[in-house]
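Line by line, the protein sequences are chains A and B. 104 is the number of the first residue of the first sequence in my numbering; add one for each residue after it. 2 is the number of the first residue of the second sequence in my numbering; add one for each residue after it. For each residue, glycine too, the CB sits at the ideal point set by N, CA and C. Only one structure is covered here, and it is reproduced in the block below.
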Amino acid sequence: MADKFVSKRNLKFLLYEVFGVDELIEYEYFQDHSRETFDMIIDTAIKIGTDLMYPVFQEMDADPPQYMDGIVKTHPAVRTTMSEFGQGGWINANQSYEYGGQQIPTVIQNVLQFIFCAANYSLNAYPGLTRGAANLIVHFGSQEQKDQYLEKMFSGHWQGTMALTEPDAGSSLADIRTSAEDTGLGYYKIKGTKIFISAGDTDAVDNTIHMMLARIKGAPAGVKGISLFIVPKYRSNKNGESEFNDLTCAGIEHKLGYKGSPICQLAMGENGDCHGYLVGEPNKGLSYMFHMMNEKRVAVGIGAAAKATAAYYAALEYAQQRLQGRKVSEKDPLSAQIPIIEHADVKRMLLFQRAVCEGSLSLAIQAAKYLDLASVGEEAEKYDLMSDLLIPIVKTYPSEMGILSTSSAIQCLGGYGFCRDFPVEQYYRDIRIDTLHEGTTGIQAKDLLGRKVTMKGGKAYQLVIEEISITIGQAEVIPDLKEYAAKLTKALDVFKEVTDCLLELKQQGDLEKFEADAAIYLEMAGVLVVAWQWLMQAITAAKALTSGVSESDTNFYHGKLYTFKYYYKYELPKIEGLAAVLKNSDAITIKMNPELFLD
Amino acid sequence: MKVLVCVKQTFDTEAKIELKDGKIADAGINLIINPYDEVAVEGGIQLKEKKVVDEVVVLSAGSDKAMDAIRTALAMGADRGILIKQDTGADEYARAIALAAAIKEENPDIILAGHVAADDGSSQVPTRIAEILGLPHINVITEIEVADGKATCTCEADGGTLVAEVVLPAVISSQVSWNEPRYPSMKGIMQAKKKPVTTADAAAADNKVTIIEFAMPPAKQAGIKVEDDPEVCAAKLADWMKNTVKIEV
Ligand SMILES: Cc1cc2nc3c(=O)[nH]c(=O)nc-3n(C[C@H](O)[C@H](O)[C@H](O)COP(=O)(O)OP(=O)(O)OC[C@H]3O[C@@H](n4cnc5c(N)ncnc54)[C@H](O)[C@@H]3O)c2cc1C
Ligand SMILES: Cc1cc2nc3c(=O)[nH]c(=O)nc-3n(C[C@H](O)[C@H](O)[C@H](O)COP(=O)(O)OP(=O)(O)OC[C@H]3O[C@@H](n4cnc5c(N)ncnc54)[C@H](O)[C@@H]3O)c2cc1C
């Protein structure tokens, strides 16, 4: 295994030098924090990742959860991690003091997520899901529900899950069929089947609490008739004793990657005795879930960036050590072979990975900072709108490009990249989930083009474009960055032109055509906003280099600038090709009727 | 009762050490609490949790950066800190004088430390402190029981263990197998910043030892591979050991 899976130097560069997140301390809600506490939190997270999580990263893949006699047996590290995270306060760190949390900013929470996911993505899923599930109870649960569940979940004794998906309702949650019947006794009787529920069962904890979507009998069809329930595996009876809640794990799937955490099929109410407890008001379930969606989607983007980053460091380490071939100019066959990191093509692959990973992380930190400012700042609406617009991109760019980035890591290792002795093949398999869960790329694309670009009369779209223009303005006055500012200006113009073109289709009422290539539009938006992130990083690096910095920092900033230039030379030009596709209104994908696929 | 724990800030044991102009290039290297001292901090906190002591004080001598080591110990659960400002180039003699002066003022019942530092590995400081203060010293402990003004310590001994009893106050240094140091908790991290840390200048003392040069260990040489029938291999290997590497038996 490689020595390194994250770079503390890069995290600090992004947090403090590029995004100045220490500014958040000025807000009352975060006033107990300081750069010192942020640093210590990050250092401790890296230590936990290094000592507890990274060492079992490959083992949990080789020895995945087993389904035995109705119970899912998970790796022993799950129990120790849940307990360590619970005792250390890492599950509820971002909650308010009222809920025993430490009010850490979303942006710091995401950096922790990044560190833990880079160390061991599957293992982080258990506390991560518990955090998400408990957060729903914090926001929408009754006092009684909070008293009953939060302490056990935050302390890592109980696992939390998000139980949405069903055999006939994946992307289309409107079609959920699990039913809930009011007994009038303070609980509903739940009946149905859920599939793909992450950490849906594990012997590592004493109980599993499912935040489940179900339809109350007689509720309206579609999204307006879905409610949210707490459905525990073990409920407590009148005497406070724990009893089985007629919720069984009927099996687990065998997956391509992300193997350390199971996805379970759940059967509720086979004996007519599964109790569910309504959260909030009836029929509001989906809107509650969506309330949490932004943070969860940023977390997926962060997770993808993290896996790609760990793969990048493994490839980098290998490339420094592997001796193979000679310089093109070296004609002596007896001369020593050189480390492959000296070959331009290998450097190109490493630069690609670094550009994707650090661009993705920067974008996710940007969006997380907007989420923080939306919750505590004076211009809440502005930041809310900007984060809303960016979220489908924050989720998708790292997930889609991360696949290519981890593939490039494999390529750097040659034949060994394909073998299990090295971790990169696992990162490649593990990252493949991220374009699927929390809404597929196709669904994110519809969200961006069909909803976000035009919401509030296109205000969010305008605001983000203004932010990009501000960065361009800052780069224009730095001589070395002027030409890049011009490149981004041009790309931004192309993007605006394409958007106008597509919106015209919408105006004409041609909705099929309008959304047909939404995924290509999302891809284009990704290339653009990551270029913006790289320009921000370049501005910071260029300025830092003008004030006397140490030798290692000089190297760091020059490395940043080369990666930035790589992005503008190799990635940004893709905008032109994508624009050509999007402006061509041939509608091939619409005209290609399903029967034409028959051969 | 009060326990005082001496902590040294060292380079991360995972860090890649590089030399520049005959000195360790420390820019960008991660600094941590000496892992052996971390065990001592944990030991001190456990004594407090068992209500054997009422207060855990951490003491470090070093540059301003050593404040991070103190804060980390406070985040783990120590109550307050003392930073003695001293040049990082101080040798064990000067270091022990500075620490002993601060300890004398604090007058603790138990003085804990790691038995060795992960960086220079000289294992001198706790013994020197005991000597300066005229206190007994128990080394490489793996267990401790405190009662009636005495500490009963289980220590590593050649091929086994020994149990020693000592009248307090005493200097006691830890072996890593004593305990598993905890990670700072979120709550601990937030509280650490509010816990008091005092700073003072080190008692003056000149080094007795001067480091002339640092050098990296020689690069690992490629091994040899002997392939043949087992008996032939054994003979060839024996010959290689005797005549090439010249191992004396
Ligand atoms: C490892 C893993 C973990 C998971 N964890 C959880 C969990 O914890 N909780 C949970 O509830 N679920 C979980 N899921 C389920 C996951 O959220 C769904 O798989 C995902 O939402 C897609 O649904 P589906 O699999 O039914 O695919 P489908 O919805 O059948 O989609 C198949 C394809 O069709 C496309 N498509 C579907 N509808 C449209 C449309 N209207 N327009 C355009 N394209 C469309 C999709 O983009 C996709 O490419 C998990 C899945 C996996 C694989
Ligand atoms: C599943 C599998 C089956 C195989 N089957 C066979 C087989 O049947 N017979 C057989 O003989 N071999 C076989 N191989 C070996 C395979 O051909 C080699 O793995 C492949 O040629 C790459 O060599 P390498 O693994 O040593 O990678 P390396 O040569 O170390 O390459 C590592 C990276 O460095 C780059 N690189 C290396 N040299 C240069 C250079 N001069 N300039 C620029 N970039 C450079 C490479 O492009 C690559 O990205 C197999 C490998 C696998 C994984």
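Thinking just about the alpha-carbon of each residue, which of the options is nearest to the one in residue i?
| i | options | result |
| --- | --- | --- |
| Tyr486 (chain A) | A:Glu569, A:Leu454 and A:Glu384 | A:Glu569 |
| Ala203 (chain B) | B:Asp13, B:Ser61, B:Glu19 and B:Leu5 | B:Ser61 |
| Pro127 (chain B) | B:Asp88, B:Met2, B:Glu249 and B:Val8 | B:Val8 |
| Gly44 (chain B) | B:Gly115, B:Ala70, B:Leu20 and B:Ala103 | B:Gly115 |
| Thr209 (chain A) | A:Tyr531, A:Ala180, A:Glu626 and A:Val479 | A:Val479 |
| Thr54 (chain A) | B:Lys52, B:Ile111, B:Val6 and B:Ser186 | This structure does not reach residue 54 (chain A), given that chain A is present from 104 up to 702, and the question cannot be answered. |
| Lys562 (chain A) | A:Phe217, A:Asp491, A:Ala458 and A:Phe257 | A:Asp491 |
| Glu162 (chain A) | A:Gly462, A:Tyr531 and A:Met104 | A:Met104 |
| Ala307 (chain A) | A:Ala322, A:Ser364 and A:Asp475 | A:Ser364 |
| Glu247 (chain A) | A:Cys220, A:Leu226, A:Leu381 and A:Thr692 | A:Leu381 |
| Tyr665 (chain A) | A:Arg451, A:Gly518, A:Val497 and A:Leu701 | A:Arg451 |
| Glu181 (chain B) | A:Ser655, A:Glu445 and A:Leu155 | A:Leu155 |
| Met256 (chain A) | A:Thr268, A:Gly520, A:Gly231 and A:Ala266 | A:Gly231 |
| Thr296 (chain A) | A:Leu253, A:Asp349 and A:Pro323 | A:Asp349 |
| Ile133 (chain B) | B:Glu228, B:Glu93, B:Ala148 and B:Asp65 | B:Glu93 |
| Gln176 (chain B) | B:Gly29, B:Val168, B:Cys156 and B:Pro170 | B:Cys156 |
| Thr233 (chain A) | A:Tyr224, A:His313 and A:Lys107 | A:His313 |
| Glu674 (chain A) | A:Asn696, A:Gln565, A:His178 and A:Phe455 | A:Phe455 |
| Arg81 (chain B) | B:Val210, B:Ala239 and B:Lys196 | B:Lys196 |
| Gln368 (chain A) | A:Gly303, A:Leu419, A:Ser432 and A:Asn386 | A:Gly303 |
Residues of chain B with a CB under 7 Å from the CB of residue i: which are they?
| i | result |
| --- | --- |
| Ser655 (chain A) | Ala28 and Gly29 |
| Thr140 (chain A) | Ile190, Met191 and Lys194 |
| Gly192 (chain A) | Ser186, Met187 and Lys188 |
| Ser137 (chain A) | Lys194 |
| Gln205 (chain A) | Met187, Lys188 and Met191 |
For residue i, list the residues DSSP reports as bridge partners.
| i | result |
| --- | --- |
| Cys156 (chain B) | B:Ile142 and B:Leu163 |
| Pro442 (chain A) | A:Leu426 |
| Ile366 (chain A) | A:Ser301 |
| Ser61 (chain B) | B:Leu84 |
| Leu113 (chain B) | B:Val6 and B:Ile173 |
| Asn310 (chain A) | A:Trp261 |
| Phe188 (chain A) | Paired residue(s): none; Phe188 (chain A) is not in a bridge. |
| Val175 (chain A) | A:Tyr170 |
| Lys21 (chain B) | B:Lys24 |
| Phe332 (chain A) | A:Met315 and A:Leu381 |
| Ser339 (chain A) | A:Ser345 |
| Ala409 (chain A) | DSSP, once it has assigned bridges, lists no residue as partnering Ala409 (chain A). |
Between residue i and the rest of its own chain, which residues show a CB-CB distance below 8 Å, the 5 nearest in sequence each way excluded?
| i | result |
| --- | --- |
| Ile571 (chain A) | Leu591, Leu595, Leu631, Val632 and Trp635 |
| Val4 (chain B) | Gly45, Leu48, Lys49, Val54, Glu56, Val57, Val58, Pro109, Asp110, Ile111, Ile112 and Leu113 |
| Gln423 (chain A) | Pro442 and Ile444 |
| Glu107 (chain B) | Lys3, Leu5, Val58, Leu60 and Ile83 |
Identify the contact partners of residue i in chain B, using a Cβ-Cβ distance below 8 Å as the criterion.
| i | result |
| --- | --- |
| Lys616 (chain A) | By Cβ distance, chain B contributes nothing, its closest Cβ being about 51 Å from Lys616 (chain A), past 8 Å. |
Counting only the same chain and skipping the five closest in sequence on each side, list residues whose C-beta sits under 6 Å from that of residue i.
| i | result |
| --- | --- |
| Ala99 (chain B) | Ala62, Ile85, Gln87, Ala203 and Ala204 |
| Lys176 (chain A) | Gln169 and Asp306 |
| Glu146 (chain B) | Thr153 |
| Ile405 (chain A) | Asn213, Gln216, Phe217 and Ala467 |
| Tyr519 (chain A) | Phe525 |
| Asn35 (chain B) | Lys9, Thr11, Gly115, Ala118 and Ala119 |
Under 9 Å between beta-carbons, which chain A residues line up against residue i? List them in chain order, please.
| i | result |
| --- | --- |
| Thr73 (chain B) | Met143, Asp146 and Thr147 |
So which residues on chain A does residue i lean against when the C-beta distance must stay under 8 Å?
| i | result |
| --- | --- |
| Glu50 (chain B) | In chain order: nothing, as chain A lies at least about 13 Å away. |
| Glu15 (chain B) | Asp106 and Thr153 |
| Ala236 (chain B) | The contacting residues do not exist; Ala236 (chain B) stays about 33 Å from chain A at best. |
Could you pull out every residue in the same chain whose Cβ sits closer than 7 Å to the Cβ of residue i, ignoring the five residues on either side in sequence?
| i | result |
| --- | --- |
| Arg183 (chain B) | Glu43 and Met77 |
| Gln547 (chain A) | Pro495, Lys498, Thr499 and Leu625 |
| Cys460 (chain A) | Ala408, Ala411, Thr412, Tyr415 and Ser508 |
| Arg457 (chain A) | Tyr415 and Thr666 |
| Ile506 (chain A) | Ile534 and Arg535 |
| Asn340 (chain A) | Glu346 |
| Leu359 (chain A) | Arg532 and Arg535 |
By the criterion of Cβ-Cβ separation under 9 Å, what are the contact partners of residue i in chain B?
| i | result |
| --- | --- |
| Arg112 (chain A) | Gly29 |
| Ala196 (chain A) | Met187 |
Find the residues of chain A that neighbour residue i, judging by a C-beta separation of less than 7 Å, and give them in chain order.
| i | result |
| --- | --- |
| Ala76 (chain B) | Met143 |
In the segment 424-442 of chain A, which residues sit with their C-beta less than 7 Å from some C-beta in chain C, listed in chain order? This model lacks chain C altogether; the protein chains it does include are A and B.
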